[in-house]
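There are 2 protein chains.
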Amino acid sequence: MIGSVRPQVDGGRFAAKATVGRDVVVRADVFVDGHDRVGATVRWQADGDAAWHEVPMEPLGNDRWRATFTPEAPGLHRFKVTGWVDAFATWHSELVRRLAAGEDLTVELQVGAQLVAAAAKRAGGDDRIRLKDWAARLSDAQPGQHAEIATAEELTGLMARWPDRARNAATSSGSPIWVDRERAASGAWYELFPRSASRERGRHGTLRDVAMHVPALADLGFDVLYLPPIHPIGHTARKGPNNARSSSPGDVGSPWAIGSDEGGHTAVHPDLGTVDDVGALVKELEAHGMELALDVAFQCSPDHPWVAEHPAWFKHRPDGSIRFAENPPKKYEDVYPLDFETDDWRALWEALLGVITFWMDRGVRIFRVDNPHTKPFAFWEWLIDEVHAIDPGVIFLSEAFTRPRVMEHLAKLGFTQSYTYFAWRTDPTELRDYMTELTTPPLAEYMRPNLWPNTPDILTEELQTGGPSSFRARFLLAATLAANYGIYGPAFEHMEDRPREPGSEEYLHSDKYEIRWREPGAAAGMRELIARVNATRHAHPALQQDASLTFHRADNPMLLVYSKRDERSGDVVLVIVNMDHRHAQSGWTDLDMPALGLAWDAPFTVADDLDGRTYAWRGPRNFVRLDPAHAPGHLFHVAIPR
Amino acid sequence: MIGSVRPQVDGGRFAAKATVGRDVVVRADVFVDGHDRVGATVRWQADGDAAWHEVPMEPLGNDRWRATFTPEAPGLHRFKVTGWVDAFATWHSELVRRLAAGEDLTVELQVGAQLVAAAAKRAGGDDRIRLKDWAARLSDAQPGQHAEIATAEELTGLMARWPDRARNAATSSGSPIWVDRERAASGAWYELFPRSASRERGRHGTLRDVAMHVPALADLGFDVLYLPPIHPIGHTARKGPNNARSSSPGDVGSPWAIGSDEGGHTAVHPDLGTVDDVGALVKELEAHGMELALDVAFQCSPDHPWVAEHPAWFKHRPDGSIRFAENPPKKYEDVYPLDFETDDWRALWEALLGVITFWMDRGVRIFRVDNPHTKPFAFWEWLIDEVHAIDPGVIFLSEAFTRPRVMEHLAKLGFTQSYTYFAWRTDPTELRDYMTELTTPPLAEYMRPNLWPNTPDILTEELQTGGPSSFRARFLLAATLAANYGIYGPAFEHMEDRPREPGSEEYLHSDKYEIRWREPGAAAGMRELIARVNATRHAHPALQQDASLTFHRADNPMLLVYSKRDERSGDVVLVIVNMDHRHAQSGWTDLDMPALGLAWDAPFTVADDLDGRTYAWRGPRNFVRLDPAHAPGHLFHVAIPR
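Here the protein sequences come in this chain order: H and D.
So the first sequence is numbered by this note's numbering: it starts at 105 and just counts up by one.
So the second sequence is numbered by this note's numbering: it starts at 105 and just counts up by one.
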């Protein structure tokens, strides 16, 4: 029997996620009735391949088995677990026990001779001759030779190469695995509004201004630059500063009110530049080892060309008006939602796919999708499949801040990464539990968290009230708890903490509605922390994956202690964050030493990448004191002294 | 979307288990993209029924839904979860929010009128007229009437009765549920060897002697009497006392060495009586509210009639001999295993089914199956299905003390109940964790534990060394942790604790190999405890199920504190066992009050059924002291004072 095959999402209905060049760990229960020994392998292939690769599974005890394989290219893959009764191993293990009990083995060796002779027929080349020879030796063995024959490693090795898989064999139904390229698994994102990118105060920023920031962003260690919508912005019901219902002539409006007579989702706002400028920005980023992520917001301003060209793509009320976007009592008068269930849905869906491929043709391979949960599940499954058929390396980040089941389902449908509730998990126990949920099965099999301490929509109460130390701590947490994280950069670097009004999570004077200018030199402290942490992220493979995240205990609950470990290199990073952003906290760690790859009483050194200090520690209990005025925490590289 | 449907075993490959007259609790995630409201129902039916019963599901929050239904007859059942977008509820919840925000509702009420008019077409009888009327009222409403109409309960009630399930509806694939009769869910078992049932010292006991014990067993509160094999016993290689390899002429041999020239699995050992005596015993038990369980051991002594009649049903070695049963270096020379994979397997399997139906025809409806894990999984799935097609009320107890995955799989295949590792879980934390695993999903959905503190094969080290107090404690644990439990009665009542040899779990002078006689009056103390606990089990529905088992904390880890609660009646039993069988232990409880159905600071009384005392308690913290010399624990009935 084969059961509990992992990774597997909803019994194989959806693909589990993996990454090119990284191990996929397959686990399964493989067992039979009775006392027979079994063998097991994993066969895997890329979709469309004729042949299967095969790797043997190793037993973990209690009928659990494990194997790993490493996909080499992005795209859909599939694996199957096959198990069979190993008649020879069963016979051999009994033979060894009989030998130990001093039994006469004559008849048993006859039984073995039959199994070996049968294997000789399956075998090829030299092995066939050697197995035939062994069959004769078993059959003709004199009592004095029994012990030697029963324990011969040559025979067991030969037989392991030619198992009889016909006996009681079972194979699991194929489990799909979607393999993403490396960037999907790990990256530091930086979000900025191009409109605010000019270094010249008062001038509307352009994509060329953005390109001039790229070297500095690369120096800070960012991997992905994400821009909110860059398209023409509607004039009808345009929002004023701070989301005011009315705007003045000079107001720039919300970039999410997409489309005007200057074009829609495939046009660039004239004040920002041209479509060619997007291509040039992609190239500039590429030259610095970075990538561009564009925003996908499938909605229209009332001035979008589609409103006139395709009235059937919008929902009309009984009075003939088009329903603007709202979530009562919130209103978005500057945005019309698309009617994905329109009778003309095929044309609409194709047009939306066309938007993605348009930007793909300009070199864009990462898309941050705005509110995917307000569009049909079936649409996303179709769209992502279509895009991946063209380029399996395209990455989609789901911006669905909604109920857990809906966020999970979007990830199952194919979104590469997902925003999370991280920003609001400020209690240490809550944060530990939430991160554990995100980084262990079943979620970890299909959902990749991307942690953001802030976004243009989210200025948390903690950042509003916690001062600089809370910015530093939340940054350190985001960048080390998850392999993927991001910041709404200019506002974060400058530690902007004033809300639009008390109780709101909106920024006062948000870039969403106006052009902002920020003093270039004012954010040096935060930038230094960012550069250090991102450098550590690049240097340590342990921080480039989430599966190994382990929380350790401490006798002070305000100290959050966690580690990550890269199995291949043995690289280990240990992070300790003071979750109290106002007062110094101290305490003793209670480290799970095996999770650090260390013996329980091992001496080891921890080198802090934030301040360059190194400490000599030993065993689980070590003293820590963290003063938020000086440092948000320790970012330790763990090493064993020579 | 519908996901995480529970109960469901391996995605519906196997049936979950339920009981006639008891609630099946169905849970599922039901959700859609966007902000639409959904509705959900469970439809269920007995296999073969044309119609489906339907029960609405209630939302639990976070897109989780729940419904219960109560099957009325044993046999296979099926349920499906259906969910749909509730356009009216969506519209109505937005309407209420618009009303609160002071918006003009005129156009919105037109939208609602269309939904109500559509519902009128679906509706029948008076509802159709009333809905038509409401559609008109919505359509014609004057501003002054908007608030009244928006909050009218008559309208929401009418619309809930006639939902539009055509919209985005989804239905889960049918989940199978196997429904057993009541005895499967709860019962106290008593095992005895008929050979030792004579009150006259030295005489071979008979089935008629067994029948004479029935009134006393009923007085002790037992529900099931289980007898080891009652068939003729082979003479070849018959075992002597204490499993000696050779026997003397007067030795009775092991009842599991089934078959001689006097017959096989459908015969009764002449020294025990006749097949008719079995029928008479069934009737005597029935008259006392009890049932008979027979042993099913599908193996043969070398003298079994099948050995000569069907040589193909046994596995032969290269030298022509039949392989006797063994698990090297253990040998069972008096037993031949059957070859379930013989070419003649159809005839063999039918013959084995014939054994079961033979005893079913004599009124036996419970079978304790010996070592099912050494026979093919496929055989058991077939056999149990065939038996249940004749009588879905037949109960099979799996005696598989083997690896967890194999025990679980046998339960999935159809075994009604399963022996467990309970006897060896003596550490309080281990026992708590194990019982939690057994009584929560996924295991609890398909595996019913039957706890035995001892069996003829299992005299644990704890009982060997712990004295009378360990017998009392292990009894109280078995009888209150699980709704099904059993004892190898005479040896347990008499607190027999001497092993065959040091380090062995075999009884010295086991009934398995010789006739035993025990002083009738010697076990009064244990019998009194048994009678009290079984009476409590019968009086309290809380103890007749396992799903509600909850462990509570105490500041002394040697105090095991747990409760069970019957949801329908509100009946609550709280048990506190001193896991230290040598010393008195005391401490303070930390009760999970809601699990007891009580408010956190509620006063309540606990009445101990073991000594008749009542205590007035309040809140979670209450003092307990238990001296093993006097009592193994408290068996409390929890009540709220008037």
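Where is the CB? At the ideal position from N, CA and C, for every residue including glycine.
| query | result |
| --- | --- |
| Within chain H, the residues that Lys479(D) reaches when beta carbons sit closer than 8 Å | Asp137 and Gly138 |
| Neighbouring residues, chain D, relative to Gly107(H) (Cβ below 8 Å) | Asp114, Arg509 and His513 |
| Candidates Arg141(H), Leu542(H) and Arg202(H), of which the one nearest Asp650(H) by Cα | Leu542(H) |
| Candidates Asp140(H), Leu180(H), Leu213(H) and Trp156(H): closest to Asp750(H) by CA position | Examination of residue 750(H) is not possible in this model, given that chain H is present from 105 through 746 alone. |
| Partner residues on chain D for Glu198(H), Cβ-Cβ distance less than 9 Å | Glu430, Asn431 and Pro432 |
| Cross-chain neighbours of Gln214(D) in chain H, by beta carbon under 9 Å | Arg421, Pro422 and Asp423 |
| Whole-angstrom distance between Pro175(D) and Gly143(H), CA atom to CA atom | 42 Å |
| Nonlocal neighbours in the same chain, by C-beta distance under 6 Å from Asp127(D), ignoring five residues either side | Thr172 and Thr174 |
| Top-ranked residue by Cα proximity to Asp448(D), from Lys419(D), Ser690(D), Val459(D) and Leu487(D) | Lys419(D) |
| Contact set for Gly393(D): own chain, Cβ-Cβ below 7 Å, skip 5 residues either direction | Ala322 |
| Where His648(D) sits in the DSSP three-state scheme | Per the sequence presented here, residue 648(D) reads as Gln, with His not at that position. Correct three-state label for Gln648(D): helix. |
| First and last residue of the uninterrupted beta strand (DSSP E) at Trp293(D) | Gly291 to Glu295 |
| Simplified DSSP state of His196(D), which is helix, strand or coil | helix |
| Cutoff 7 Å: Asp167(D) Cβ touching any chain H Cβ | yes |
| Alpha carbon of Leu452(H) to alpha carbon of Val411(H), nearest angstrom | 12 Å |
| Range covered by the beta strand (DSSP E) that runs through His181(D) | Gly179 to Val189 |
| Inter-residue spacing [alpha-carbon to alpha-carbon] between Trp556(D) and Phe596(D) | 11 Å |
| Beta bridge counterpart(s) of Ser522(H) as assigned by DSSP | Ser502(H) and Pro553(H) |
| Counted within 10 angstroms of its Cβ, other Cβ atoms place Ala658(H) as buried (16 or more) or exposed | buried |
| Beta-carbon spacing of Gln604(H), Asn346(H) below 7 Å | For the record, residue 604(H) in the displayed sequence is Arg; it is not Gln. Yes, the pair counts as a contact, with Cβ atoms nearer than the cut-off. |
| Reference Thr310(D); option with closest CA among Pro319(D), Ser300(D) and Ala191(D) | Ser300(D) |
| Which of helix, strand or coil DSSP assigns to Asp601(H) | coil |
| Burial state of Ile233(D), where buried means 16 or more other Cβ atoms lie within 10 Å | exposed |
| Near-chain H residues of the stretch 525-553 of chain D - C-beta to any C-beta below 9 Å | none |
| Proximity test, Cβ basis, 7 Å: Val211(D) and chain H | yes |
| Collapsed DSSP secondary structure at Glu304(H) in the structure displayed | coil |
| Sub-7 Å separation of Pro247(H) and Glu549(H) beta-carbons | no |
| Span separating the alpha-carbon of Leu585(D) from that of Leu535(D) | 10 Å |
| Pro732(D) versus Ala643(D), Gly590(D), Ala577(D) and Asp284(D), residue with shortest Cα-Cα distance | Ala577(D) |
| Per-residue contacts from Arg201(D) into chain H (C-beta, under 7 Å) | Pro432 and Pro433 |
| Contact set between the stretch 434-459 of chain D and chain H, restricted to residues whose Cβ is under 7 Å from the partner | none |
| Closer than 7 Å to chain H by CB, Asp133(D) | yes |
| Chain H contact residues for Ala205(D), given Cβ-Cβ distances below 7 Å | Pro432 and Pro433 |
| 7 Å Cβ cutoff met for Leu517(H) and Ala504(H) | no |
| Distance between Gly367(H) and Ser405(H) (C-alpha atoms, nearest Å) | 11 Å |
| Residues of its chain near Ile494(H), where Cβ-Cβ distance is below 8 Å and the 5 sequence neighbours each way are ignored | Thr461 and Met464 |
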